[in-house]
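Report on the structure given below.
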Amino acid sequence: MHMGPPAPAKECCRFGGAALPPHQTDNTRIQAMQLHTHLWTSVLTGLVLYRRHPLKAALLVGAGVLIDLDHLVLYCLYTGDWSIVGALCYDRYRHYKPVPGDTRPRYRQLRSCLHQPLVLLPLLWWHGRQQRWLRPVAMGVTLHLALDTVDLARKIVTLLHSRY
Ligand SMILES: [Zn+2]
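Okay, structure coming up:
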């Protein structure tokens, strides 16, 4: 039986500290919308709407998933760290509430204007009236932002539940 001090938590990239704080379980984590959820919902919608138009289906899936690249770009700009591994490590702990002793940096929201539905969607759909190829892009982005909005509402409810 091991009687020494507890083994140090696995370091998370260049920031140090535990990748997953041992006192915080997945119950305390404010889960982010997962990329794979955007992927399968986009694929399913693309198959339903554009069954006979694979290029349009691909545009819908691409737009529905790749819009999240703005998070990666903003992470790189805020941190100066241009590694995907660093971004994934940050994404692993950024949803945990900081606790005393946790000095890992947290940055403001990693959302660009691409995640502003009231700005982006009218522009896309308006231009989609003239540019037909933009319609599946607009559909993919609309689906993505709708899922993000539902997810945001779920996070707010979770946060309120944890406070009261
Ligand atoms: Zn998103």
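If you're matching positions, the sequence shown starts at 567 in the working numbering and goes up one per residue. Beta carbons: idealized from backbone N, C-alpha and C, even for Gly. Quick caveat, the model's predicted, so the values are computed rather than measured.
Please tell me whether, using a cut-off of 8 Å, the distance from the CB of D657 to the nearest non-hydrogen atom of ligand 1 is below it.
no
Identity of the residue in A629, L613 and L605 nearest M705 by Cα:
A629
How about L613 and A623: do their beta carbons lie closer than 9 Å?
yes
Does the Cβ of L689 have 16 or more other Cβ atoms within 10 Å, making it buried, or fewer, making it exposed?
exposed
Can you give the Cα-Cα distance for L621 and V716, rounded to whole angstroms?
28 Å
With respect to the alpha helix (DSSP H) encompassing H633, which residues constitute its N-terminal and C-terminal limits?
Rather than His, the amino acid found at residue 633 in this sequence is Ile. Here I633 belongs to no alpha helix (DSSP H), and DSSP marks it neither H nor E.
Nearer than 8 Å: is that true of the beta carbon of L711 relative to any heavy atom of ligand 1?
yes
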